[in-house]
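Some notes on the structure that comes next.
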Amino acid sequence: MKFHMNYPYLYMMKNGTDSNVHVFEAKDTSSYYTIVQFMEDKGTSREIPWDAYERVPGQSLEQFDHRKATVASGGAGLTPRDVHKIVCELNRMLQQHGTVANPDAPVHISASEGDAGVLQIGLAGEGTVLEFPDQLQYGPVVQLETWKGIENRHEWLLERFGVHPRESEYERLNLYDRFRLQLQDIPAHVPIYVWHTREAGGETARKLILAWLQDVPNDTYSVPFKIYDRSDVKNIKTSVMSQLVSNAEPVAKNEGHLLAWKTFSRQVGELRIVNNGQLSTVPVSSYDEEIERAVDQVKQVNDEGFASATKVIQIVLANGEPHIEHLGFLFFEYRIYELIIHQKRLIMSGNPRRMNRIKVKRATEKFHA
34 MKFHMNYPYL YMMKNGTDSN VHVFEAKDTS SYYTIVQFME DKGTSREIPW
84 DAYERVPGQS LEQFDHRKAT VASGGAGLTP RDVHKIVCEL NRMLQQHGTV
134 ANPDAPVHIS ASEGDAGVLQ IGLAGEGTVL EFPDQLQYGP VVQLETWKGI
184 ENRHEWLLER FGVHPRESEY ERLNLYDRFR LQLQDIPAHV PIYVWHTREA
234 GGETARKLIL AWLQDVPNDT YSVPFKIYDR SDVKNIKTSV MSQLVSNAEP
284 VAKNEGHLLA WKTFSRQVGE LRIVNNGQLS TVPVSSYDEE IERAVDQVKQ
334 VNDEGFASAT KVIQIVLANG EPHIEHLGFL FFEYRIYELI IHQKRLIMSG
384 NPRRMNRIKV KRATEKFHA
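Residues 34 to 402, numbered by this note's numbering, are exactly what the sequence shown covers, in order.
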């Protein structure tokens, strides 16, 4: 794919010999696009028709002007990966032309995905809130400071967890790219506050964010906090949040945050936990035996020894330490499928596409068909 920027339009050719040029207009130039925002008027089909214009033979993309060109018949289909690349280029065009408003008040970064809304409420609109676009409790994080590492993590998660039906499979990549542009846009005089929980995902994201911010001149602060009841965020006290800002820990400049991140991210294992206040990396299979014990605990004698997979996960989460609870339901779904499909340690009964419809039992137990 080849791109050319003719602000507020982005021109694209799928290859160097394409006779048609696809034109995309940045209609909202006040903020960076997500794939969801870009697609909301185009539907969600896998192959989306887009308008195209005819290119005069021999005319370069840089010479092309769609306002003087003829609309091509039929349009063209773009894959989700094509759309991801287009959105990234649109956002770079917006950054180059300075149309996205740069923050002039303190920037508050939520290191835990999902807590940005809490900060917006608790800070009562004081400053700009940015959200780190991932949960780093599990999955590879090696080289995550680079785009290659981000793509590797994306592929690992996609292979094991799939994609939400209402999202593009490239949504995570797009959000990472957008977040890094937002970090680059922070003016040098604006203070930055990195808000993070003490659980593994928040602590890991904090390390990565500080690595990205290592060379910025901004005054940077680390703010540990905890939300006890997410269903009651409307009652978060602004005074309490303001006090947390006042007590924030300054982050020393040029303290080797990038080196610290690289050292941490290369630890063997793809599961991160906080135990006794220490962040550590362990094998992703560390709690498989907990799953098997839960199967034994909830299996029904009158149902051929099978146990509801949903109940198994609930038992694991209820009986485990706080760091196990933070891993969440989705992680243990993945581990149950792993124990069924690849390790053959569990046998399944029911619809494999619906965790709430399947039952499991130990593979060592005899199964009567």
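We put the beta carbon where it would ideally sit given N, CA and C, even for glycine.
The three-state reading of DSSP puts SER313 in strand, counting E and B together. Out of LYS377, LYS259, LYS286, the CA that lies nearest to the CA of VAL273 is found in LYS259. The beta carbons of ALA281 and SER145 sit about 16 Å from each other, so the pair does not count as a contact at 8 Å. Straight across, the Cα-Cα distance linking GLY195 with PRO220 is about 37 Å.
Excluding its 5 nearest sequence neighbours in each direction, LEU177 has C-beta neighbours in its own chain below 7 Å: ILE183, ARG186, LEU241, SER298, listed in chain order.
Annotation for PRO257: the continuous beta strand (DSSP E) segment containing it runs 253-257.
Excluding residues up to 5 positions away in sequence, ASP321, ILE324, ARG378, LEU379 lie with their Cβ nearer than 7 Å to the Cβ of LEU372 in the same chain.
Buried is the label assigned to TRP228, since at least 16 other Cβ atoms lie within 10 Å of its Cβ.
Assigned with DSSP and collapsed to three states, VAL196 falls in coil, not helix or strand.
The straight-line gap separating the alpha-carbon atoms of VAL331 and GLY383 is approximately 17 Å. Taking the Cβ atoms as the reference, GLU188 lies roughly 14 Å from PRO113, outside the contact range of under 8 Å.
Counting only residues of its own chain and dropping the five nearest sequence neighbours on each side, MET388 has a CB closer than 6 Å to the CB of ALA342, GLU366.
Cβ contact annotation for ARG211 (same chain, cutoff 8 Å, sequence separation greater than five): TYR65, TYR66, THR67, ASN124, PRO166, in chain order.
DSSP lists HIS55 as the beta-bridge partner residues of ALA85.
Per DSSP, reduced to three states, the secondary structure at ASN308 is strand. Under the DSSP definition of a beta bridge, HIS222 lacks any partner. Annotated as proximal: ALA138 and GLY160, with beta-carbon spacing under 9 Å.
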